[in-house]
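A.B. asks: The structure under discussion is supplied below as C-alpha cells; questions concerning it will follow.
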Amino acid sequence: MIVARDVGKRFGGPADGLTAIDSITVDIAEGEFVSLLGPSGCGKSTFLRCLAGLEQTTSGALQVDGEEVDGPPDRLGMAFQRDALLDWMNVLDNVLLPADFSGARKRQFEPRALELLKMAGLGSFVHAYPRALSGGMRQRVAMCRSLLLDPRLLLMDEPFGALDALTRDQLNVDLYRLWLQRRMTVIFVTHSISEAIFLSSRIIVFSPRPGKVIDDIAIELPADRKLAVRETAEFGTYARHVRGLFERMGLLHD
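Our numbering puts the first residue of the sequence shown at 348, with every later residue one more than the last.
Next comes the structure, spelled out in C-alpha cells:
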C-alpha cells in the first residue's frame, strides 16, 4: 500500500536549512499496524505529514496505492496529539466534521457516527460539548472522527501522548480492538516503547535527526492482545531489543 524509496525532506535553504529525514526506504502492506518509534525531533512526524500529502518530499519517491503522493490520499484519516475538537459543536457534530469537509451530505453519515461513538463508550455523550469531557473522552471523540469516512489509511501522530498512564492504557486497548475489527492500515507515531510493542504488527525505528530507518521489527505477539501481554517474556524480549538500539545510539544510559 505504501512504498517509500530514499525519501528525504529538507526545510530551508542549503546554508541554513535542516534535513529532517534522509533516505527512508520502507514498504507497508495494506492492513498493517506500523509504529514509527524514535527520539524527539527524529523526523517521525515529518514522514507522517509527507504520507498525508501535507508536506512535499525533497528527494526520493513516495507512493500510496501506486500513486505518487502530491496531496491527501483517498480515504485518509488523521488523528493528532491535540484532539482539535471545536468547543461550540457537540460531540456528534464534531465527529461529523469530515463529512462537511468532503462535501458529502452530513446527515447520511449520522448512523455511522452514532455507531462509532457507541463503540467508543460515548453513546450517552452524543449531545455533550467538549468542555464537559475528560482528556481521554476527547481523544475518543477525535478517534471516532478520524474513522467516520471509513479510512483505508489512518495516520496517528502521538494521539495519546498528553494523557495520564491509565487513560493511555485504555485507549491503547480501544484502538487495538478497532484495528482488529476493521483492519485499516495504521501508521502510528510514538515515543513509547511499550505502546509501540503492544499496538503494532511492525515497529520502524528512526535514528536521531536526520531520521533514518535503523531497524524494522516484526512483532509476533498473540492477535487477541490484552494489557497483560506486557508482562510476558516475549514482550520483554522486544522491549530489551529496542532499548538496546537506543542505548547504542547514545539515547539511553544506565
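All C-beta atoms, glycine included, are put in the ideal place defined by N, C-alpha and C.
For A586, I'd like the list of residues in its chain whose CB is within less than 8 angstroms of its CB, leaving aside the five on either flank, ordered along the chain.
C.D. replies: So the list reads I540, S541 and I544, once near-sequence residues are dropped.
A.B. asks: Would you call the CB atoms of L480 and V473 closer than 9 angstroms?
C.D. replies: Their beta carbons are not under 9 angstroms apart, which means L480 does not touch V473 by this criterion.
A.B. asks: For the stretch 419-493, list the beta strand (DSSP E) runs that are entirely contained and at least 3 residues long, ordered along the chain.
C.D. replies: Whole beta strand (DSSP E) segments, 3+ residues: 423-427.
A.B. asks: Relative to the C-alpha of V373, which residue among A351, K356, D417 and S392 is closest?
C.D. replies: It is A351.
A.B. asks: Please give the ranges of any beta strand (DSSP E) in the stretch 365-411, keeping only runs that are unbroken, at least 3 residues long and fully inside the region.
C.D. replies: Within the stretch 365-411, the complete beta strand (DSSP E) runs of at least 3 residues are 365-375, 380-384 and 406-411.
A.B. asks: Cutting at 6 angstroms between CB atoms, please list the residues of its own chain near D430, excluding the five before and the five after it.
C.D. replies: If we look at D430 and ignore the five residues flanking it on each side, its Cβ neighbours are R485, Q486 and A489.
A.B. asks: From M596 to F358, what does the alpha carbon distance come to, in whole angstroms?
C.D. replies: Near 24 angstroms, if we compare the C-alpha coordinates of F358 and M596.
A.B. asks: Give me the Cα-Cα distance between L574 and T532, rounded to the nearest whole angstrom.
C.D. replies: Straight-line Cα distance between these residues: approximately 22 angstroms.
A.B. asks: If we count Cβ pairs, one from each stretch, closer than 8 angstroms, do we get three or more for the stretch 385-398 versus the stretch 546-555?
C.D. replies: Touching, yes, given that three or more Cβ pairs across the two stretches are closer than 8 angstroms.
A.B. asks: I want to know whether the stretch 441-455 touches the stretch 508-527 - three or more CB-CB distances under 8 angstroms.
C.D. replies: Cβ pair count under 8 angstroms is below three, so no.
A.B. asks: Flag R396 as yes if its beta-carbon sits less than 9 angstroms from any beta-carbon of chain D, otherwise no.
C.D. replies: The chain labelled as chain D is not found in the depicted structure, where only one protein chain is given.
A.B. asks: Taking E462 as the reference, which of C491, N441 and P477 has the closest Cα?
C.D. replies: Per the Cα distances, C491.
A.B. asks: Which residue marks the beginning of the alpha helix (DSSP H) containing L522, and which one marks its end?
C.D. replies: Run containing L522: A512 to R529, per the alpha helix (DSSP H) assignment.
A.B. asks: Is the beta carbon of L546 closer than 9 angstroms to that of L522?
C.D. replies: Yes; because the gap between Cβ atoms is below 9 angstroms, this pair is in contact.
A.B. asks: On a Cα-Cα basis, can you pick out the residue from E594, L510, D562 and L598 that is closest to V381?
C.D. replies: Minimum Cα distance to V381 is reached at D562.
A.B. asks: For R587, does the three-state DSSP call read helix, strand or coil?
C.D. replies: The answer is helix: DSSP assigns R587 an H, G or I state.
A.B. asks: Mind checking R524: buried by the 16 CB within 10 Å criterion, or exposed?
C.D. replies: Exposed, because fewer than 16 other Cβ atoms sit within 10 Å of the Cβ of R524.
A.B. asks: Got a sec? Which residues, its chain only, sit under 8 angstroms from R590 by beta carbon, not counting five neighbours each side?
C.D. replies: Only I540 and L599 meet the Cβ criterion.
A.B. asks: When we look at the beta-carbon of P498 and count the other beta-carbons within 10 Å, is it buried (16 or more) or exposed?
C.D. replies: Flag for P498 reads buried.
A.B. asks: So for E594, helix, strand or coil by DSSP?
C.D. replies: Correct three-state label for E594: helix.
A.B. asks: Report back the beta-carbon spacing between D412 and R478 to the nearest angstrom; my notes put them in contact at under 8 angstroms.
C.D. replies: With 8 angstroms as the limit, D412 and R478 do not qualify as a contact, their Cβ atoms being about 40 angstroms apart.
A.B. asks: Helix, strand or coil: how does DSSP classify V536 here?
C.D. replies: In the structure shown, V536 sits in a strand (DSSP, three-state: E or B).
A.B. asks: Can you look up A580 in the DSSP assignment and give me helix, strand or coil?
C.D. replies: It is helical.
A.B. asks: Can you check whether the CB of I349 is closer than 9 angstroms to the CB of V560?
C.D. replies: No, these two residues do not count as a Cβ contact at 9 angstroms.
A.B. asks: If you drop the 5 nearest sequence neighbours on each side, which residues of the same chain put their C-beta closer than 6 angstroms to that of R530?
C.D. replies: Answer for R530: G378, listed in chain order.
A.B. asks: For the beta strand (DSSP E) that D497 lies in, which residues bound it at each end?
C.D. replies: Unbroken run through D497: none, as it is neither H nor E.
A.B. asks: Suppose you measure from the CA of L443 to the CA of R459; what does that come to, to the nearest Å?
C.D. replies: Distance between the alpha carbons of L443 and R459: 9 angstroms.
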